[in-house]
Amino acid sequence: MLQCTAITDVALLAPASMEGGPENPPDVLAEDEFLLCELGEHDEAAEHAAHLGTADEPGDDRDLWLLWAGVGTHRVYRFAGLPLCPALLRDLATRTVTSCAYFDHHPGPHSWAVTDPLGDQIAERIQREVRRLTTGGDNPTHANDP
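The sequence shown begins at 86 in my numbering and counts up one residue at a time.
Spelled out as structure tokens, the structure:
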């Protein structure tokens with residue numbers, strides 16, 4: 086499933102006055118920063134969500150999320166300290182375990198099932214550039230590269 090494409094620009098004044106928000110918003114949000122919904126595609130009934138930070142205390146299983154709904158002047162924001170999703174993906178062949186990166190009871194699929202095409206393209210381009218630099222190749226970037 087593709088990642089949700091909703092973005093929001095965050096003004097520092099609003100988060101500073103929001104209940105449940107961080108004590109010092111500039112530490113969490115830079116001025117004129119845009120946040121992307123990290124969830125998989127979902128319907129309008131579900132809130133969009135952007136992960137802002139992990140718990141400061143060891144053993145605390147809550148992360149700080151910015152949730153929003155609505156559009157334009159009707160957009161409503163809220164901060165929430167939400168428990169981590171307990172879902173795990175176990176690969177028996179490689180003996181790896183992947184935790185869901187979202188909060189408990191999130192809408193849609195778990196994080197490992199969500200793909201970000203833009204992020205994938207950026208990662209692919211970085212890998213090509215690293216290979217070019219480490220092999221000593223001086224060939225210019227291919228014309229069809231974005």
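The beta carbon of each residue, even a glycine, is placed where N, CA and C say it ideally should be.
Nothing here was measured: the structure is a model prediction, and the numbers come from that model.
Using a threshold of 7 Å, state whether the C-beta atoms of residue i and residue j are closer than that.
i, j, result
"W153", "H136", "no"
"C89", "L124", "yes"
Let me check understanding here. Comparing Cα to Cα, which of the options lies closest to residue i?
i, options, result
"V161", "L87, T93 and C89", "T93"
"L87", "T158, E126 and T139", "E126"
"T119", "A91, D146, D145 and G138", "The question names Thr, but residue 119 is Phe in the sequence shown. Nearest C-alpha to F119: A91."
"P168", "T219, W197, D145 and G204", "D145"
"A172", "V156, H159, Q206 and W197", "W197"
"L121", "H159, T158, T139 and L203", "L203"
Under the assumption that residue i contacts residue j (Cβ atoms under 8 Å), give the Cβ distance between them as a whole number of angstroms.
i, j, result
"G166", "R147", "4 Å"
"T183", "L174", "4 Å"
Open item on the list: Within 8 Å, do at least three Cβ pairs link the segment 184-191 to the segment 207-214?
Closed with: Inter-segment contact for the segment 207-214 and the segment 184-191 is absent: fewer than three beta-carbon pairs are separated by less than 8 Å.
- [ ] Could I get the ranges of all uninterrupted beta strand (DSSP E) runs contained in the segment 118-187, with 3 residues as the minimum, in chain order?
- [x] The qualifying runs are 118-121, 133-138, 147-154, 161-168, 173-176 and 181-184.
Task: Three or more C-beta pairs below 8 Å linking the segment 191-204 and the segment 123-134 - done: Yes, the segment 191-204 is in contact with the segment 123-134.
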